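Q: From first to last, the protein sequence lines stand for chains A and B.
At position 12 of the first sequence the residue is numbered 11 (numbering that gives the first Met the number 0), and the sequence of numbers has no breaks.
At position 390 of the second sequence the residue is numbered 389 (numbering that gives the first Met the number 0), and the sequence of numbers has no breaks.
A virtual CB, placed ideally from N, CA and C, is assigned to each residue, including glycine.
Computed from a prediction, not measured in an experiment: that's the story for all the values here.
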Amino acid sequence: MNASMITIRDLQFSWPVSEFNLRIPSLEIASRTSVAVTGPSGSGKTTLLDIIAGILPAGDGSVTVGNTELARLSESHRRAFRLQKIGLVFQSFELIEYLSVLDNILLPARISPAVPLSAELRDRARSLLTQVGLERHAARSVTRLSQGERQRVAICRALLTEPSLLLADEPTGNLDPESTLLIVEILLCQVREYGATLLMVSHDHSLLPHFDSAIDFGRLNSTWFVAAGGCGAA
Amino acid sequence: MLRNALFLAQRSLAWYRGRSITIVLCLAITLWVPMTVRMIVREFEEEIQQRAWSTPLIIGTRGSRIDLVLHGLYFQSVPPSALTMAETSYVRDSGFAAAIPLHLRFRTQTVQRAPAAPIVGSTLEYFEFRGLTIAEGHPLTRLGDCVLGARFAQQSGLRPGDRLLSAPQNAFNLAGDYPLNMRVSGVLNASWSPDDDAVFADIRTTWVIEGIGHGHQALSAESDDQLLEADGGGPLRANASVLPYTEITDENEASFHFHGNEADYPVTEVIAVPHDRQSQTLLLGRYVSLKRPGAICVKPQSVVSELLAMIFRIEELFRVAAVLSALVTALFLALVIFLSVRLRAPEMRIMKRIGCARGTAALLVGTEVFILLGVAVCLSLPAASVTRILARDWLRQFLF
Chain A
0 MNASMITIRD
10 LQFSWPVSEF
20 NLRIPSLEIA
30 SRTSVAVTGP
40 SGSGKTTLLD
50 IIAGILPAGD
60 GSVTVGNTEL
70 ARLSESHRRA
80 FRLQKIGLVF
90 QSFELIEYLS
100 VLDNILLPAR
110 ISPAVPLSAE
120 LRDRARSLLT
130 QVGLERHAAR
140 SVTRLSQGER
150 QRVAICRALL
160 TEPSLLLADE
170 PTGNLDPEST
180 LLIVEILLCQ
190 VREYGATLLM
200 VSHDHSLLPH
210 FDSAIDFGRL
220 NSTWFVAAGG
230 CGAA
Chain B
0 MLRNALFLAQ
10 RSLAWYRGRS
20 ITIVLCLAIT
30 LWVPMTVRMI
40 VREFEEEIQQ
50 RAWSTPLIIG
60 TRGSRIDLVL
70 HGLYFQSVPP
80 SALTMAETSY
90 VRDSGFAAAI
100 PLHLRFRTQT
110 VQRAPAAPIV
120 GSTLEYFEFR
130 GLTIAEGHPL
140 TRLGDCVLGA
150 RFAQQSGLRP
160 GDRLLSAPQN
170 AFNLAGDYPL
180 NMRVSGVLNA
190 SWSPDDDAVF
200 ADIRTTWVIE
210 GIGHGHQALS
220 AESDDQLLEA
230 DGGGPLRANA
240 SVLPYTEITD
250 ENEASFHFHG
260 NEADYPVTEV
270 IAVPHDRQSQ
280 TLLLGRYVSL
290 KRPGAICVKP
300 QSVVSELLAM
310 IFRIEELFRV
320 AAVLSALVTA
330 LFLALVIFLS
340 VRLRAPEMRI
350 MKRIGCARGT
360 AALLVGTEVF
370 ILLGVAVCLS
380 LPAASVTRIL
390 ARDWLRQFLF
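As structure tokens, then:
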């Protein structure tokens, strides 16, 4: 069994002035696996991803990504950790409309001195574009791309820093079936070929077979251990 | 990091071109207005003071010092009652200063676009004193000649060789003074002073206008009876049928003459140009000690400073206006920053989610605001300078 990429113990999170309450007694996700996260709307899927990414504080409990306990990090350190170690892909792409395709991919380097904007990084960005078939669009404005193309650009941005953890929040929610399969394939390729860990939220149950395992938030009420090839309650 | 911030800010501003241009123009105008007002006020002060600084002393009849200075420097206000040429001689003979008499009671008639201009009667020393030079034609050489200020010449369209009428002092006095039809002998170069709007003549010419000097038909015992009073065997006396000349020509110039003693002829003011500071003090002292009971001697510099001090109690209002203007500018800038942050909220949210530090986010917004402000300043500074140059003409027209 691979070492755990994500370990959660006694997580309790709630929004102020809200009845929402996320409770995860125990969750482990092994590295180099792909895990789909499903469940009804409002069950906390996005919240879980945000906590793992360090966008939201862990609240009560422990959340460890790799060897880093997020609760020990300040908000600014969580941001830095997220930018360098985690790749994020969003349903609404979250691209900057006044930047070109290539500049959007290089955005992490523009906003953090920890990611130097070197010639090697520019080469990697172009290489990623080639992998997703958009090498001819490097100088184009992202507003002129299709939805599927924009999501591919967003994935390239997420992969720029070679993160070991990919968090994708409904990346195919706005895409047609053909683009959906393409996007999922690109993400899964990162797991297979580059040893990343992928945690992807999706309402599309037809995609589940593509993943090593799945977490159903509708049933998440005990300890879950997710490993390559399967998952189950501990 | 700053380089990246500049890159992102530049791209953002270029993308939202309309918004950026609008903000820059608003900022530029907000900065330009107080800058221009301040420059114009300074220019106004300098213009007023420059004339006063260049005129050491003015001597006139007892009365309002301000009226005296305004009259002598800017040819404004009601002419004070007259001194005499004896005052000019007194100053010269004192050995303390050169004396330049001014006789300033008359104006020209309106010509085309040019309003009536003051006729400044003086000597050739006045031109040297004020640094006035001839642009066209030649200086005053003959009785009845006049030289035009640059702006008056431009507005009236008059050139050397043309004729210019003085205006009657009292239009209702049909038996009174006659306008003099002066000959334009020259046009002065622009001096950017009240001299540009004036007409200059020899002081004797203005005495002719006043009626002290005149020319008329030559009379003899053989002259037309209708021109003579009944001859009682005594000296010939002309009656009102004799026409005094209103125009001095080559033919009749010799007939012009003055009656009485020149020392008694009127001057409205005397400009005294002391030889040195000590002479100035001594000359001033003579007038202060009432050795010249009918006259006063003032330093235009002091009078204008007092006048400006009075006027610029209004400067307090200017200061209040400037403070308010600065406050408005600051508030506007704050609004620009606030709007910039709000408009970029989705973009900042993206960057936050990716992992951008707070300081970096602030740097991005700050860089954009800095660029907007920088461009606005780069626009407003030259605009204020250009306005100042263009306003200089308007200000001079307004003042003088």
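Would you say A/T222 lies against chain B (beta-carbon separation less than 8 Å)?
A: For A/T222, the predicted model reports a pLDDT of 45, less than 50, meaning its position is unreliable and no value from the coordinates is stated.
Q: Checking contacts by CB at 8 Å: is A/S163 closer than that to chain B?
A: A/S163 does not count as touching chain B.
Q: Kindly say whether B/F354, judged by its beta-carbon, lies nearer than 8 Å to any beta-carbon of chain A.
A: Sequence check: residue 354 of chain B is Gly here, not Phe. For B/G354, the answer is yes, since a Cβ of chain A falls inside 8 Å of its Cβ.
Q: Starting from B/H256, follow its DSSP beta bridges and name the residues at the other end.
A: DSSP output for B/H256 lists B/H213 as bridge partner(s).
Q: In this structure, how does DSSP classify A/A157 when only helix, strand and coil are distinguished?
A: Three-state DSSP puts A/A157 in a helix.
Q: Look at the alpha carbon of B/V303 and the alpha carbon of B/Q48, and state the distance between them as a whole number of angstroms.
A: Cα to Cα, B/V303 sits roughly 7 Å from B/Q48.
Q: For my contact list, B/V207 and B/I99 are in at a C-beta cut-off of 8 Å; report their separation, rounded to the angstrom.
A: The pair is not a contact, with the Cβ atoms about 20 Å apart (cut-off 8 Å).
Q: Which chain B residues sit within Cβ distance under 7 Å of A/I95?
A: Those are E346 and I349, listed as they occur along chain B.
Q: In whole angstroms, what is the alpha-carbon distance linking A/L158 and A/N20?
A: Going by the C-alpha atoms only, they are around 32 Å apart.
Q: Roughly how many angstroms lie between the CA atoms of B/A308 and B/E46, to the nearest whole one?
A: Spanning the two alpha carbons is a distance of roughly 15 Å.
Q: What did DSSP end up calling A/G217 once you bin it into helix, strand or coil?
A: A/G217: coil per DSSP, three-state reduction.
Q: Helix, strand or coil for A/Q11 per DSSP?
A: Of the three classes helix, strand and coil, the one that applies to A/Q11 here is strand, per DSSP.
Q: Under the rule that 16 or more other beta-carbon atoms within 10 Å means buried, what is B/A333, buried or exposed?
A: Exposed: under 16 other Cβ atoms inside 10 Å.
Q: For the region 112 to 130 of chain A, which residues have a beta carbon sitting closer than 8 Å to at least one beta carbon of chain B?
A: Listed in sequence order: P112 and L116.
Q: Just the Cα atoms here: how many angstroms apart are B/I353 and A/L87?
A: Taking the straight line joining both Cα atoms gives about 7 Å.
Q: Between B/R357 and chain A, is the shortest Cβ-Cβ distance under 8 Å, so that the two count as touching?
A: Closer than 8 Å to some Cβ of chain A, the Cβ of B/R357 qualifies, so yes.
Q: What's the gap between the Cα of A/H204 and the Cα of A/D59?
A: Looking at the two C-alpha atoms, the distance is approximately 31 Å.
Q: Could you tell me if B/C377 is buried or exposed, where buried requires 16 or more neighbouring beta carbons within 10 angstroms of its beta carbon?
A: By the 10 Å Cβ count, B/C377 comes out exposed.
Q: Going by other Cβ atoms of all chains shown within 10 Å of its Cβ, with 16 needed for buried, is A/N103 buried or exposed?
A: A/N103 comes out buried.
Q: In the DSSP assignment, find the unbroken alpha helix (DSSP H) run with B/F151 in it and report its ends.
A: Segment A149 to S155, the alpha helix (DSSP H) holding B/F151.
Q: In the DSSP assignment, what residue or residues form a beta bridge with B/M181?
A: Bridge partners of B/M181: B/L163.
Q: Counting Cβ pairs, one atom from each stretch, are 3 or more of them under 8 Å apart for the region 14 to 24 of chain B and the region 368 to 383 of chain B?
A: Touching, yes.
Q: What would DSSP say about A/V225, mapped onto helix, strand or coil?
A: Low per-residue confidence applies at A/V225: pLDDT is 41, beneath 50, and the placement is therefore not dependable enough to give any value.
Q: Could you check what DSSP says for B/A116 in three-state terms: helix, strand or coil?
A: B/A116 falls in the coil class under three-state DSSP.
Q: Taking A/M4 and A/G41 to be in contact with their CB atoms under 8 Å, please state how far apart those CB atoms are, rounded to whole angstroms.
A: Between A/G41 and A/M4 the Cβ distance is about 26 Å, and since that is not below 8 Å, they are no contact.
Q: Write down the C-beta distance between B/A200 and B/I118 rounded to the nearest angstrom, noting that I regard them as a contact closer than 8 Å.
A: Between B/I118 and B/A200 the Cβ distance is about 6 Å, and since that is below 8 Å, they are a contact.
Q: Quick one: is B/F6 near chain A, going by C-beta distance under 8 Å?
A: It does; some Cβ of chain A falls within 8 Å.
Q: Give a yes or no on whether the C-beta atoms belonging to B/V198 and B/L163 are separated by under 8 Å.
A: Yes, they are a contact pair.
Q: According to DSSP, what are the bridge partners of B/F199?
A: Answer is B/V119 and B/V146, bridged to B/F199.
Q: List, in order along the chain, the chain A residues whose C-beta lies closer than 8 Å to that of B/R343?
A: Result: empty, since nearest Cβ-Cβ is about 10 Å, beyond 8 Å.
Q: From B/R391 to A/V100, what does the alpha carbon distance come to, in whole angstroms?
A: Approximately 53 Å between the Cα atoms of the pair.
Q: Please report whether the beta-carbon of B/N3 lies at a distance below 8 Å from any beta-carbon of chain D.
A: The structure shown contains no chain D; the protein chains it does contain are A and B.
Q: Counting contacts by CB-CB distance shorter than 8 Å, is B/R10 in contact with chain A?
A: With 8 Å as the cut-off, B/R10 counts as an interface residue toward chain A.
Q: Anything in the region 36 to 57 of chain A with a Cβ closer than 9 Å to a Cβ of chain B? List those residues in chain order, please.
A: Answer in chain order: D49, A52, G53 and I54.
Q: Do three or more CB pairs link the region 144 to 151 of chain A to the region 181 to 197 of chain A at distances below 8 Å?
A: Output reads yes: the region 181 to 197 of chain A touches the region 144 to 151 of chain A.
Q: Please compile the residues from chain B whose C-beta is within a distance smaller than 8 Å of the C-beta of A/L87.
A: The contacting residues are R352 and I353.
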